[in-house]
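Q:
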Amino acid sequence: MPRSTERENAGRDAATGPRPERPRRLALEPNGPLLVEGPVEVALDDGTVVASDRFTVAVCLCRRSRTYPWCDTSHRGRTRRKDRRDRTEESEPGDRTPPRAAP
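The sequence shown begins at 2 in the numbering used here and counts up by one.
(1) Could you compute how far the alpha carbon of Pro70 sits from the alpha carbon of Arg23?
(2) Look at the Cβ atom of Val37, then the Cβ atom of Leu27, and state whether they are nearer than 7 angstroms.
(3) What do you get for Leu34, buried or exposed, if any count of 16 or more other CB atoms within 10 angstroms of its CB means buried?
(4) What span of residues does the beta strand (DSSP E) with Glu30 cover, start to end?
(5) Distance, Cα to Cα, Val51 vs Arg65?
(6) Would you report the Cα separation of Cys61 and Asp73, rounded to the nearest angstrom?
(7) If you draw a straight line from the C-alpha of Glu7 to the C-alpha of Thr49, how long is it?
(8) Compute the distance between the beta-carbons of Phe56 and Gly78, then report whether it is under 7 angstroms.
(9) Among Asn32, Ser75, Arg67 and Val41, which residue has its Cα nearest to the Cα of Arg53?
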């Protein structure tokens, strides 16, 4: 879990500030969090800014985390819904057999 501090957003836009030496790297995890190379600051809806100085930070995208905006792996309990296109390709109209399991 990232070590974080919370402070009021004293007129500072979280998008501005010192530019990093190189672009920040983000990684999208399928059905998981957004991984960001740290340190990072996240501006929340209420105007507060939370910060983490970890080298990689997992930002919650499902909003189920008890430590939001940081991921606590709550997304793992979520059932994954299949894409509508996947379901129609696997079964014909009127066919009530369950879809095939992926190999």
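By construction, the Cβ of each residue, glycine as well, lies at the ideal position given by its N, Cα and C atoms.
A: This is what the structure gives:
(1) 24 angstroms
(2) yes
(3) According to the sequence provided, residue 34 is Pro. The question's Leu does not apply to it. With 16 or more other Cβ atoms within 10 Å, it is buried.
(4) Note, Glu30: premise wrong, no beta strand (DSSP E); not H, not E.
(5) 17 angstroms
(6) 8 angstroms
(7) For Glu7, the pLDDT reaches just 48, beneath the cut-off of 50, and the residue's location in the model is therefore unreliable, although a value from the coordinates is still provided. Each residue's alpha carbon lies about 7 angstroms from the other.
(8) no
(9) The question names Arg, yet the displayed sequence has Ser at residue 53. For Ser53, the nearest C-alpha among the options comes from Val41.
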